[in-house]
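Engineer: Encoded as structure tokens, here's the structure I'll be asking about.
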Amino acid sequence: MVLAQILLNGILLGGLYGLMALGMALVWGVLNIVNLSHGALIMLGGYTVYYLFTLAGIDPFVALPIAMVVMFAAGFALQWGLLNLVVRSKMLNTLLITFGLDVVLTFAAQLVFTADFRTINPSYAGANFPVLGLTVPVVRLAAFCVAVALAAGVWFLLNRMPLGRAIRATAQNLTAARLYGVNPRKLYAITFGIGAALAGAAGGLYGMISNLTPYMGASLTAKSFVIAIIGGLANPFNVILGGIFVGIAESLTALYIGPTYTDVISFGLLVVVLVVRPKRAVRAA
Amino acid sequence: MSEALLTIEHLNAGYGAVPVLFDLSLTVNPGEIVTLVGSNGAGKTTLLRALSRLIPAQGTLRFNGEDLLPLAPEGAFTRGLVQVPEGRHLFPRMTVEENLAMGAHLRRDKGVAQTLERVYSLFPKMKERRKQLAGNMSGGEQQMCAMGRALMADPKLLMIDEMSLGLAPVIVDDLLAILSDIRAQGIPVLLVEQDVFAAFSVADRAYVMETGRVVREGLVKDLANDPAVVDAYLGAAH
């Protein structure tokens with residue numbers, strides 16, 4: 001029974017992990033940018049929901065789409081004004097600039113939000129209900145559902161809408177996309193905006209389950225990186241599955257080995273995947 | 286004669302500090318198939334890149350009565366100057382249908398479905414393969430898909446770069462026949478080719494390029510009897 005409960009916790013948490021990685025995988029696959037500031041964007045999304053909840057009294061789940069719009073605008077501006085200058089250059093350049101961005105955003109957040117731990121704590125935060133003898137926490141279940149729904153949305157966008165078709169086309173052959181009237185600068189900005197919006201949603205959900213601090217970004221970037229590689233960059237549902245895989249692995253580790261070893265396991269998984277299936281790790285969208 | 290569809294005069298172009306095209310002049314009239322032939326490195330692809338506004342150029346570049354030089358790649362494309370790039374450049378992990386749709390990606394008019402039917406009637410094989418990934422098809426099929434994608438943009442001039450490259454002669458013959466059909470539908474063609482024999486079999490006029498300059502031009506039937514062209518490009522057997 002304990003094992004079943006642990007598995008359930010891992011699956012629910014893993015859905016959220018998958019959502020965290022989804023934006024990173026999208027940006028990575030299309031723009032070939034491994035965005036080291038992705039975790040900082042998650043953090044900013046978390047604070048956006050936090051302040052919409054505490055200052056404006058908006059329910060966190062209602063605040064999520066608002067935070068996504070805000071983060072889309074921020075991501076669009078960031079790509080348009082800054083990252084477009086280095087996109088398609090050597091990967092070291094984009095790693096450096098997004099690393100720098102991560103530092104700036106983290107310490108700007110520390111300045112503005114202070115280093116205090118924050119939690120988005122709606123009245124139903126502790127609510128749960130029993131199913132077949134297992135305890136299902138309401139907020140975690142809702143977070144899982146939002147993550148799956150957003151992954152479905154991304155899948156629909158990429159595979160069924162003209163904008164998504166253009167995004168995939170640009171990822172597969174930039175020359176041809178330009179020849180056929182795609183403006184890559186704009187498309188990259190939209191794609192990065194979508195990635196930031198997904199990060200924002202993940203941050204809001206994370207803030208309801210765990211703590212928000214200005215420094216949370218770095219470890220979430222790393223976790224997103226691992227999951228994006230495990231899930232691949234091509235299919236949003238695989239990214240969610242990758243997240244669930246890591247979520248379960250972490251939960252089992254916490255139970256059987258000890259909570260301090262969870263990161264050892266997720267990065268151990270990264271090494272294993274890179275050794276066993278290196279091709280898959282670098283396959284683009 | 287009324288104004289040509291495409292007028293190039295005294296064009297210079299290249300990559301950064303490296304000039305490739307020198308004082309190049311060329312015209313394409315409505316209803317024509319014009320071919321641009323020459324060996325590897327003559328600058329044929331560079332000319333198409335300049336026409337699609339992918340690289341800077343100086344000189345006169347007029348299309349359909351409009352100056353092309355100030356335009357961005359999208360601008361040249363939306364005005365109907367559409368190219369099938371060398372090496373097809375399909376979107377490999379997208380289906381044939383999606384590749385074709387990308388050709389019409391900027392079109393907002395109601396005629397897209399009609400154009401798709403026209404493309405399928407020109408290339409029946411593409412209709413059969415419409416759910417297949419473009420990257421998994423043979424070279425000839427990929428070239429058909431690339432040409433179909435260009436036609437989906439409703440071009441006023443279709444530019445094709447190295448259509449025959451890497452294809453079996455029997456496939457090339459099929460594609461040449463389709464070029465005549467495309468012209469019959471009112472779309473002029475600028476065909477860039479290394480295979481001079483194939484190009485001359487379908488074109489009305491030809492330009493011969495060497496090291497960035499046009500060295501011969503005229504009607505195909507005249508050039509095919511020009512000793513210099515015959516020696517250099519058509520071989521003794523001709």
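If you read the sequences in order, they're chains P and F.
Number 131 in the numbering used here belongs to position 131 of the first sequence; there are no gaps in the numbering.
Add 285 to a position in the second sequence, counting from 1, and you land on the number used in the numbering used here.
Cβ atoms here follow ideal geometry from the backbone N, Cα and C, with glycine treated the same way.
None of these values were measured; they are calculated from a predicted model.
Taking its Cβ as the centre, do 16 or more other Cβ atoms sit within 10 Å of arginine 393 of chain F, making it buried, or is it exposed?
Structural biologist: Here residue 393 of chain F refers to the residue found at position 108 when the second sequence is read from its first residue. Looking at its Cβ environment, which holds fewer than 16 other Cβ atoms inside 10 Å, arginine 393 of chain F is exposed.
Engineer: Can the beta-carbon of isoleucine 33 of chain P be found closer than 9 Å to that of leucine 83 of chain P?
Structural biologist: The residue you call residue 33 of chain P lines up with position 33 of the first sequence. The residue you call residue 83 of chain P lines up with position 83 of the first sequence. It is a contact, given that the beta carbons lie within the stated cut-off.
Engineer: Consult DSSP for histidine 295 of chain F and reduce its assignment to one of helix, strand or coil.
Structural biologist: Counted from its first residue, the second sequence places residue 295 of chain F at position 10. DSSP places histidine 295 of chain F in strand when its eight states are reduced to three.
Engineer: Measuring straight from C-alpha to C-alpha, what distance separates aspartate 288 of chain F and alanine 484 of chain F?
Structural biologist: In the second sequence, the residue the question calls residue 288 of chain F occupies position 3. In the second sequence, the residue the question calls residue 484 of chain F occupies position 199. For the record, residue 288 of chain F in the displayed sequence is glutamate; it is not aspartate. Each residue's alpha carbon lies about 25 Å from the other.
Engineer: Which chain P residues sit within Cβ distance under 7 Å of leucine 436 of chain F?
Structural biologist: As a working note, residue 436 of chain F is residue 151 in the second sequence. Per Cβ cutoff of 7 Å: no residues; leucine 436 of chain F is ~12 Å from chain P at best.
Engineer: Report the option in P/Tyr50, P/Val69, P/Ala25 and P/Leu44 whose CA atom is closest to the CA atom of valine 294 of chain P.
Structural biologist: The structure shown does not extend to residue 294 of chain P, since chain P is modelled only from 1 to 285, so the question has no answer here.
Engineer: So that I know if they touch, is there some Cβ in chain P lying closer than 9 Å to that of glutamate 359 of chain F?
Structural biologist: To locate residue 359 of chain F, count along the second sequence from 1; it is residue 74. Yes, because at least one Cβ of chain P sits closer than 9 Å to the Cβ of glutamate 359 of chain F.
Engineer: Quick one: residues in its chain with C-beta nearer than 8 Å to the C-beta of histidine 523 of chain F, no 5 flanking neighbours on either side, listed in chain order?
Structural biologist: Locating residue 523 of chain F in the second sequence gives position 238, counting from the first residue. Note that histidine 523 of chain F scores a pLDDT of 44, beneath 50, so its modelled location is shaky; the value from the coordinates is reported in the next line. Cβ within range, chain order: Phe482, Ala509 and Val515.
Engineer: Quick check on aspartate 480 of chain F: buried or exposed, where buried means 16 or more other Cβ atoms within 10 Å of its Cβ?
Structural biologist: Here residue 480 of chain F corresponds to residue number 195 of the second sequence, with the count starting at 1. Classification for aspartate 480 of chain F: buried.
Engineer: Output the distance between the C-alpha atoms of phenylalanine 348 of chain F and arginine 364 of chain F, rounded to the nearest integer angstrom.
Structural biologist: Here the question's residue 348 of chain F lines up with position 63 in the second sequence. Here the question's residue 364 of chain F lines up with position 79 in the second sequence. The straight-line gap from Cα to Cα measures roughly 8 Å.
Engineer: Please confirm whether alanine 438 of chain F and glycine 471 of chain F have their CB atoms less than 9 Å apart.
Structural biologist: The residue you call residue 438 of chain F lines up with position 153 of the second sequence. The residue you call residue 471 of chain F lines up with position 186 of the second sequence. For alanine 438 of chain F and glycine 471 of chain F, no; Cβs fall outside 9 Å.
Engineer: Using a Cβ-Cβ distance under 9 Å, would glutamine 368 of chain F count as near chain P?
Structural biologist: In the second sequence, the residue the question calls residue 368 of chain F occupies position 83. Yes, contact with chain P.
Engineer: Would you kindly work out how many angstroms separate the C-alpha atoms of alanine 117 of chain P and leucine 212 of chain P, rounded to a whole number?
Structural biologist: By 1-based counting over the first sequence, the position of residue 117 of chain P is 117. By 1-based counting over the first sequence, the position of residue 212 of chain P is 212. In the sequence as displayed, the identity of residue 117 of chain P is phenylalanine instead of alanine. Their backbone Cα atoms lie some 6 Å apart in a straight line.
Engineer: According to the neighbour-count rule (16 or more other Cβ atoms, all chains shown, within 10 Å of its Cβ), is tyrosine 518 of chain F buried or exposed?
Structural biologist: Against the second sequence, residue 518 of chain F aligns to sequence position 233. The residue in question, tyrosine 518 of chain F, is buried, as its Cβ has 16 or more Cβ neighbours within 10 Å.
Engineer: Does the region 334-347 of chain F come within contact of the region 294-314 of chain F, defined as at least 3 CB pairs closer than 8 Å?
Structural biologist: Enough Cβ pairs lie closer than 8 Å, so yes.
Engineer: Against leucine 375 of chain F, what residues of chain P qualify as contacts under a CB-to-CB distance less than 9 Å, listed in chain order?
Structural biologist: By one-based count along the second sequence, residue 375 of chain F stands at place 90. Chain P residues near leucine 375 of chain F: Gln172, Asn173 and Ala176.
Engineer: To the nearest angstrom, report how far apart lysine 223 of chain P and aspartate 263 of chain P are at their CA atoms.
Structural biologist: Along the first sequence, read from residue 1 onward, the residue named residue 223 of chain P stands at position 223. Along the first sequence, read from residue 1 onward, the residue named residue 263 of chain P stands at position 263. Using only the alpha carbons, I get a separation of about 8 Å.
Engineer: Buried or exposed, going by whether 16 or more other CB atoms sit within 10 Å of the CB of asparagine 421 of chain F?
Structural biologist: Stepping through the second sequence from its first residue, residue 421 of chain F is reached at position 136. Asparagine 421 of chain F should be labelled exposed.
Engineer: Select from F/Asp459, F/Val457, F/Val477 and F/Val455 the residue whose C-alpha is nearest the C-alpha of leucine 443 of chain F.
Structural biologist: Walking along the second sequence from the start, residue 443 of chain F turns up at place 158. Ranking the options by Cα distance to leucine 443 of chain F, first place goes to F/Val477.
Engineer: Can you tell me where the alpha helix (DSSP H) holding alanine 462 of chain F begins and where it ends?
Structural biologist: In the second sequence, counting from the first residue as 1, residue 462 of chain F sits at position 177. Residues 454-469.
Engineer: Leaving out five residues before and five after leucine 309 of chain P in sequence, what residues of the same chain have Cβ atoms less than 8 Å from its Cβ?
Structural biologist: No information on residue 309 of chain P is available, as it lies outside the stretch 1 to 285 that chain P covers here.
Engineer: Give the range of the alpha helix (DSSP H) segment to which phenylalanine 117 of chain P is assigned.
Structural biologist: Residue numbering aside, residue 117 of chain P sits at position 117 when the first sequence is read from its first letter. Segment: none, phenylalanine 117 of chain P is in no alpha helix (DSSP H) and carries neither H nor E.
Engineer: Specify, as a first and last residue, the run of the alpha helix (DSSP H) that proline 304 of chain F falls within.
Structural biologist: The residue labelled residue 304 of chain F in the question sits at position 19 within the second sequence. Per DSSP, proline 304 of chain F belongs to no alpha helix (DSSP H); it is in the beta strand (DSSP E), 303-313.
Engineer: Mind pulling the chain F residues with CB within less than 9 Å of asparagine 183 of chain P?
Structural biologist: Start at 1 with the first residue of the first sequence, and residue 183 of chain P comes out as number 183. Chain F residues near asparagine 183 of chain P: Ala357, Pro358 and Glu359.
Engineer: Indicate whether leucine 436 of chain F and arginine 403 of chain F have their beta-carbon atoms separated by less than 9 Å.
Structural biologist: Position 151 of the second sequence, counted from the first residue, corresponds to residue 436 of chain F. Position 118 of the second sequence, counted from the first residue, corresponds to residue 403 of chain F. Yes; because the gap between Cβ atoms is below 9 Å, this pair is in contact.
Engineer: On the CB-based measure, 16 or more other CB atoms within 10 Å of its CB, does alanine 357 of chain F come out buried or exposed?
Structural biologist: In the second sequence, residue 357 of chain F corresponds to position 72, counting from 1. With fewer than 16 other Cβ atoms within 10 Å, it is exposed.
Engineer: Between the Cα of glutamine 16 of chain P and the Cα atoms of P/Phe156, P/Val148, P/Phe129 and P/Leu31, which residue gives the shortest distance?
Structural biologist: In the first sequence, counting from the first residue as 1, residue 16 of chain P sits at position 16. Sequence inspection shows leucine at residue 16 of chain P; the glutamine mentioned does not correspond to that position. Comparing Cα-Cα distances from leucine 16 of chain P to each of P/Phe156, P/Val148, P/Phe129 and P/Leu31, the minimum goes to P/Val148.
Engineer: Mind listing the chain F neighbours of alanine 169 of chain P? Cutoff is C-beta to C-beta under 9 Å, in chain order.
Structural biologist: Within the first sequence, the letter at position 169 stands for residue 169 of chain P. Under the 9 Å cutoff, chain F gives Phe376, Met379, Glu383, Asn384, Met387 and His390.
Engineer: Alpha carbon to alpha carbon, how far is lysine 506 of chain F from glutamine 428 of chain F?
Structural biologist: Within the second sequence, numbered from 1, the residue matching residue 506 of chain F stands at position 221. Within the second sequence, numbered from 1, the residue matching residue 428 of chain F stands at position 143. So the two alpha carbons sit approximately 27 Å from each other.
Engineer: Look up phenylalanine 348 of chain F in the DSSP assignment and give the residues it is bridged to.
Structural biologist: Taking the first residue of the second sequence as position 1, residue 348 of chain F is located at position 63. For phenylalanine 348 of chain F, which the question treats as bridged, DSSP gives the partners F/Leu291 and F/Glu351.
Engineer: Out of curiosity, what's the CA-to-CA distance linking leucine 255 of chain P and asparagine 9 of chain P?
Structural biologist: As a first step, residue 255 of chain P must be located in the first sequence, where it is residue number 255. As a first step, residue 9 of chain P must be located in the first sequence, where it is residue number 9. Each residue's alpha carbon lies about 11 Å from the other.
Engineer: Got a sec: which bits of the region 118-143 of chain P sit with their beta carbon under 9 Å from any beta carbon on chain F, in order along the chain?
Structural biologist: Of all residues in the region 118-143 of chain P, none has a Cβ within less than 9 Å of some Cβ in chain F.
Engineer: Report the three-state DSSP secondary structure of proline 162 of chain P (helix, strand or coil).
Structural biologist: Sequence index remark: in the first sequence, residue 162 of chain P carries index 162 (1-based). Helix, per DSSP.
Engineer: Give me the Cα-Cα distance between asparagine 173 of chain P and asparagine 183 of chain P, rounded to the nearest whole angstrom.
Structural biologist: Locating residue 173 of chain P in the first sequence gives position 173, counting from the first residue. Locating residue 183 of chain P in the first sequence gives position 183, counting from the first residue. So the alpha carbons of these two residues sit roughly 13 Å apart.
Engineer: So glycine 503 of chain F is in the beta strand (DSSP E); what residue range does that whole segment cover?
Structural biologist: The count along the second sequence starts at 1 and reaches residue 503 of chain F at position 218. 498-504 is the extent of the beta strand (DSSP E) around glycine 503 of chain F.
Engineer: Could you work out which residue in P/Leu163, P/Arg178 and P/Ile244 is closest to isoleucine 340 of chain F when comparing CA atoms only?
Structural biologist: For the purposes of this step, residue 340 of chain F is taken as residue 55 along the second sequence, with counting starting at 1. Closest by alpha carbon: P/Arg178.
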